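In my numbering, the protein residues as written are 12 to 153.
Notes to accompany the following structure.
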């Protein structure tokens, strides 16, 4: 039996895999040596933080902060390519903000992209998208 936390994170990972367009989606993986041309997303489990508790019935209400690392590479048009990939992530999340009822709501923060220079290779634009997953469990272990 899995925890609600794992159910939510697994469902989010599955949702992100539906982004398509050749973008690779991974979960908690080490950054690979090569970034695919269509982009790379790495879901990091993050932290559930401290739960608010209701006593009758006993429930734990979480605001879990997960991260999606977004990477795209290219020599020109990097800004537009990054924007398009971030927009696709936003559309996928907006299409199912409750993850089929597992989650009360998913909030997204605006990305803060940064350009990474790699000697002898096309530039990489990267950002971390913070996702706040609001969900409830019956157990303090998630």
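We treat Cβ as the ideally placed atom computed from N, Cα and C, and that holds for glycine.
Since we're looking at a predicted model, the values are computed, not measured.
Among the candidates the options, whose CA atom is the shortest distance from the CA of residue i?
i           : options            : result
residue 174 : 150, 138 and 20    : Past the edges of the chain, shown from 12 to 153, lies residue 174, and the structure says nothing about it.
residue 140 : 82, 28, 110 and 62 : 82
residue 18  : 71, 110 and 142    : 110
residue 63  : 74, 142, 92 and 30 : 74
residue 31  : 80, 132 and 96     : 96
residue 112 : 147, 153 and 24    : 147
residue 40  : 79, 68, 133 and 65 : 79
residue 124 : 134, 105 and 93    : 93
residue 150 : 33, 69, 49 and 50  : 69
How many angstroms separate the CA atom of residue i from the CA atom of residue j?
i           : j           : result
residue 76  : residue 144 : 6 Å
residue 1   : residue 119 : The shown model of the chain, from 12 to 153, leaves out residue 1, and the question about it has no answer.
residue 127 : residue 102 : 26 Å
residue 57  : residue 26  : 17 Å
residue 35  : residue 15  : 25 Å
residue 38  : residue 22  : 12 Å
residue 72  : residue 60  : 10 Å
residue 43  : residue 52  : 11 Å
residue 46  : residue 107 : 27 Å
residue 28  : residue 132 : 27 Å
From what residue to what residue does the alpha helix (DSSP H) around residue i run?
i          : result
residue 40 : Per DSSP, residue 40 belongs to no alpha helix (DSSP H) and is neither H nor E.
residue 27 : 15–28
Since residue i is in the beta strand (DSSP E), which residue starts that stretch and which ends it?
i           : result
residue 57  : 51–58
residue 103 : Segment 89–106 is the alpha helix (DSSP H) holding residue 103; no beta strand (DSSP E) there.
residue 78  : 69–85
residue 139 : 134–148
residue 64  : 63–66
residue 115 : Run containing residue 115: none; DSSP gives neither H nor E here.
residue 127 : 125–127
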